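Down below is the structure, laid out as structure tokens.
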Amino acid sequence: MPVRQGNGHSESVSAEERILAAATEEFAANGFHGARTQAIADAAGVNKAMLHYYYRSKDNLYRQVIAAAFKRILTRVSMSWIEQGPITDRVENVVDSYMDGYEENPALLKIVLREVVDDGSRLKRAIAELRKEFPLESRTPGFLIKEAAREFGLAPADMVHFLVNLIGMCLVSFISPLIIESMIDFDVSDMKGFLKDRRKAIKTMVSASLGTLKTRKKGRSKV
Numbered sequence: 011m012p013v014r015q016g017n018g019h020s021e022s023v024s025a026e027e028r029i030l031a032a033a034t035e036e037f038a039a040n041g042f043h044g045a046r047t048q049a050i051a052d053a054a055g056v057n058k059a060m061l062h063y064y065y066r067s068k069d070n071l072y073r074q075v076i077a078a079a080f081k082r083i084l085t086r087v088s089m090s091w092i093e094q095g096p097i098t099d100r101v102e103n104v105v106d107s108y109m110d111g112y113e114e115n116p117a118l119l120k121i122v123l124r125e126v127v128d129d130g131s132r133l134k135r136a137i138a139e140l141r142k143e144f145p146l147e148s149r150t151p152g153f154l155i156k157e158a159a160r161e162f163g164l165a166p167a168d169m170v171h172f173l174v175n176l177i178g179m180c181l182v183s184f185i186s187p188l189i190i191e192s193m194i195d196f197d198v199s200d201m202k203g204f205l206k207d208r209r210k211a212i213k214t215m216v217s218a219s220l221g222t223l224k225t226r227k228k229g230r231s232k233v
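Numbering (the numbering used here), first residue to last: 11 to 233.
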């Protein structure tokens, strides 16, 4: 994690945040290899020495960009899973958590797509380091999947595929407009309206999918 100055001045925190924000945009625009630390420093209004003081290296800064963005999303998601209330409401809140996270940080999606094209090693390492930061074991993805499967009455494998479908539907909503317009001749020029409709559609589909999985499991238990 970033190294903080011992005096804890607010301007130090502000400098870290500016560097992180500038780095997010630079990495999204140019990828890890194409991004320049000097450009990041200039955009953040700091010198390169300060950038390296806080983040030590370009590689570490890149991982911190990924970790910070995913931490916000995963914290929301985990809170949606463990809150009290009907299962359907909680699943819908999980959808909102992912959609809000991606909508608030479109640069993250570009970084992730670049990682998919690359070998993804830095993304994997950043996520692995992030998991260690979750203060409660009950908020780790693996634990949540097991608990959700138990509560929803599903096999853990079914729960994994359910979540992959949920996450995939949310993610593709932001990266597919060009494909949608080209393949099915559907106008998505109103991106805000499109995403609003997508939220509703995804919630409907995941609720239906959850019901189907539970019905299928009941059928198996009778055999």
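Using N, Cα and C, we set each Cβ at its ideal position, and we do this for glycine too.
The structure displayed is predicted, hence computed values, not measured ones.
ask   = Per DSSP, what kind of secondary structure is G163 in: helix, strand or coil?
value = One-based indexing of the sequence shown puts residue 163 at position 153. Of the three classes helix, strand and coil, the one that applies to G163 here is coil, per DSSP.
query = Candidates L176, M215, T34: which alpha carbon is nearest S107's?
reply = By 1-based counting over the sequence shown, the position of residue 107 is 97. Looking at the Cα atoms, L176 is the closest of the given residues.
Whole-Å CB distance - F184 paired with L119, under 8 Å assumed = As a first step, residue 184 must be located in the sequence shown, where it is residue number 174. As a first step, residue 119 must be located in the sequence shown, where it is residue number 109. Indeed they touch by this definition, with Cβ atoms about 5 Å apart.
request  = Could you name the residues of the same chain whose beta carbon sits closer than 8 Å to that of R100, not counting the 5 residues immediately before and after it, in chain order?
outcome  = For the purposes of this step, residue 100 is taken as the residue at position 90 of the sequence shown. Only S90, W91, E93 meet the Cβ criterion.
task = Please state whether DSSP places N115 in a helix, a strand or coil.
result = Within the sequence shown, residue 115 is the residue found at index 105, counting from 1. Reduced to three states, the DSSP call for N115 is coil.
key: CB-CB length for R73 against R135, believed under 8 Å   = On the sequence shown, position 63 is the one that residue 73 refers to. On the sequence shown, position 125 is the one that residue 135 refers to. Between R135 and R73 the Cβ distance is about 6 Å, and since that is below 8 Å, they are a contact.
request  = Enumerate in chain order the residues of its own chain whose CB-to-CB distance from A54 is below 6 Å, with the five nearest sequence positions on each side excluded.
outcome  = The residue given as residue 54 occupies position 44 in the sequence shown. Around A54: R28, I29, A32.
message = Could you check whether L205 and M109 sit closer than 8 Å to each other, using their CB atoms as the reference points?
response = In the sequence shown, counting from the first residue as 1, residue 109 sits at position 99. In the sequence shown, counting from the first residue as 1, residue 205 sits at position 195. Contact: yes.
request  = Please determine, among D129, I97, A79, the residue with the shortest C-alpha to C-alpha distance to G111.
outcome  = The residue you call residue 111 lines up with position 101 of the sequence shown. Selected option, being the one with the closest Cα: A79.
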